[in-house]
Amino acid sequence: MASHTPNFECRMYEAKYPEVDMAVMIQVKNIADMGAYVSLLEYNNIEGMILFSELSRRRIRSVSSLIKVGRIEPVMVLRVDKEKGYIDLSKRRVSEEDIQACEERYNKSKLVHSIMRHVAETMSIDLEDLYIHVGWPLYRKYGHAFEAFKIMVTDPDSVLNSLTREVKEIGPDGQEVTKVVPAMSEEVKEALIKNIRRRMTPQPLKIRADIEMKCFQFDGVIHIKDAMRQAEAAGNDDCPVKIKLVAPPLYVLTTQTLDKEQGIAVLSRAIIACTEAIEKQKGKLTVKEAPRAVSERDDKLLAEHMAKLRQDNEEISGDEDSEEEEDTGMGEVDVENAGTGITD
């Protein structure tokens, strides 16, 4: 007898087809004479079509400027013929609010689907069976399985212990009986929790601001260091603030936090504290880049820029014993080793 091969393809939602007037995420597959054929990404790539007349409210001068093969974007569902499998879609009727809501839902659904599929593959079980007994019940109970997964990061039993399935067995008397058992085995449950925790445990964001700071007064170096200390003092245990010299007079302030808004607020307060401190000494602070979340790529570019500045500084240094050069040195320095950012 041939063994069953698990199926790892499945739609994301319980409904096989989207509802009319619903925004869905599609990928353009082919452009034909009448319109564009697309795949509905949330519905296991079933086919839909966007007629050219539904691409834009304005007169179409160039189809290629409006739609391209491979592009992923939200569109509106116009008609669904479940018997024939026809789905008519519109790009011109989807609003900005629809686009935002669709993108938010799709990003959550895509993460849930990725976790579910990985569990199905590693445990060699049907993906649809996992959705039937775990995924879709969570969608019904929590509005979106993503919300349930967030709870499962810290308290999986409160979510999963209520999930059950019915199985039919032959009793001692030879009659078929129905038993209620947990929705999944302990092995599958453990794999699901492990994947959710790996993929959904919040990662700290890095928040950065770029400033220029100068002080032309006597002991300007000391005043700048004091201002930098005031900036760092504005941080807290959740959002510690660090300030580093890039090259006089440019400095960067950074913090790491799980809460983006809190991180931006803390850096904003740090800039205010730094500004007040340096202005008391008749110095000046200019914000070059306001606090914002930065990526690893941004960090890498900053590090490369600082390394280049250090190299350039080494190449043009004339007197290694110059005290002024020590004061205005470049590179990654903290408050205790900061450069002056001043000129004579």
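Read in order, the letters of the sequence shown correspond to residues 1 to 344 in the UniProt record's numbering.
Note that CB positions come from ideal geometry on N, CA and C, so glycine has one too.
Only a predicted model underlies this, so the values are computations on that prediction, with no experimental measurement involved.
Can you give the Cα-Cα distance for residue i and residue j, rounded to whole angstroms?
i           : j           : result
residue 139 : residue 112 : 11 Å
residue 119 : residue 188 : 7 Å
residue 305 : residue 296 : 14 Å
residue 12  : residue 130 : 11 Å
residue 165 : residue 186 : 14 Å
residue 322 : residue 301 : Caution is warranted here: a pLDDT of 41 is assigned to residue 322, below 50, making its placement in the model unreliable, and no coordinate value can be reported.
residue 123 : residue 191 : 8 Å
residue 153 : residue 116 : 15 Å
residue 99  : residue 56  : 15 Å
residue 319 : residue 266 : In this prediction, residue 319 has a pLDDT of 47, which is less than 50 and means its spatial position is unreliable; nothing more can be read from the coordinates.
residue 54  : residue 15  : 25 Å
residue 199 : residue 40  : 24 Å
residue 272 : residue 283 : 14 Å
residue 9   : residue 127 : 7 Å
residue 18  : residue 32  : 23 Å
residue 327 : residue 286 : Any reading at residue 327 must be qualified, since the residue scores a pLDDT of 42, below 50, and its modelled position is unreliable; no value is offered.
residue 280 : residue 291 : 23 Å
residue 231 : residue 97  : 39 Å
residue 4   : residue 132 : 18 Å
residue 218 : residue 95  : 60 Å
Within the same chain, show all residues whose beta-carbon is closer than 7 Å to that of residue i, passing over the 5 residues directly before and after it, in chain order.
i           : result
residue 308 : none
residue 158 : 151
residue 181 : 164, 165, 167
residue 239 : 255, 257, 262, 263, 266
residue 104 : none
residue 25  : 41, 42, 72, 74, 102, 106
residue 37  : 29, 30, 47, 49
residue 125 : 6, 188
residue 234 : 241, 266, 269, 270, 273
On a Cα-Cα basis, can you pick out the residue from the options that is closest to residue i?
i           : options            : result
residue 352 : 211, 37, 245       : An answer regarding residue 352 cannot be provided, because it is not within the stretch 1 to 344 covered by the chain.
residue 160 : 178, 196, 9        : 196
residue 299 : 235, 312, 256      : 256
residue 64  : 28, 275, 194, 9    : 28
residue 110 : 66, 82, 43, 236    : 43
residue 74  : 90, 232, 228, 81   : 90
residue 310 : 245, 275, 253, 281 : 245
residue 242 : 219, 4, 253        : 253
residue 162 : 276, 184, 206      : 184
residue 223 : 233, 125, 277, 269 : 277
residue 148 : 45, 193, 219, 229  : 193
residue 204 : 294, 303, 4, 58    : 294
residue 20  : 81, 58, 226, 4     : 81
residue 108 : 97, 143, 85, 96    : 143
residue 229 : 216, 269, 207      : 269
residue 275 : 237, 312, 215, 303 : 215
Cutting at 8 Å between CB atoms, please list the residues of its own chain near residue i, excluding the five before and the five after it.
i           : result
residue 34  : 49, 51, 52
residue 176 : 168, 169, 170
residue 22  : 76, 77
residue 201 : 153
residue 155 : none
residue 114 : 199
residue 87  : 17, 18, 40, 46, 47, 48, 49, 77, 79, 80, 81
Ignore the nearest five residues each way along the sequence and tell me which others in residue i's own chain have a CB closer than 6 Å to its CB.
i           : result
residue 250 : 212
residue 367 : The question about residue 367 has no answer, for the chain in this structure spans 1 to 344.
residue 145 : 112, 135, 138, 139
residue 259 : none
residue 66  : 55, 56
residue 69  : 28
residue 121 : 8
Could you check where the beta strand (DSSP E) with residue i kicks off and where it finishes?
i           : result
residue 174 : From DSSP, residue 174 is part of no beta strand (DSSP E); its letter is neither H nor E.
residue 257 : 250–257
residue 292 : 284–294
residue 24  : 23–31
residue 124 : Where residue 124 is concerned, there is no enclosing beta strand (DSSP E), given that its DSSP letter is neither H nor E.
residue 88  : 86–90
residue 39  : 35–40
residue 245 : 242–247
residue 168 : 164–170
residue 79  : 72–81
residue 345 : With the chain running from 1 to 344 in the structure shown, residue 345 is simply not present.
Can you give me the start and stop residues for the alpha helix (DSSP H) that residue i sits inside?
i           : result
residue 263 : 260–280
residue 195 : 186–200
residue 183 : Where residue 183 is concerned, there is no enclosing alpha helix (DSSP H), given that its DSSP letter is neither H nor E.
residue 152 : 145–152
residue 66  : 63–66
residue 138 : 136–142
residue 155 : Element bounds for residue 155: n/a, residue is neither H nor E.
Would residue i pass as an interface residue toward chain B - the criterion being a Cβ-Cβ separation below 8 Å?
i           : result
residue 169 : Of the chains in the structure shown, none is chain B; there is only one protein chain.
Cβ of residue i within 7 Å of any heavy atom in the ligand MG?
i           : result
residue 248 : The ligand MG is not part of this structure, which contains no ligands at all.
Where are the alpha helix (DSSP H) runs, 4 residues long or more, that stay fully inside the stretch 211–240, in chain order?
-> 220–233
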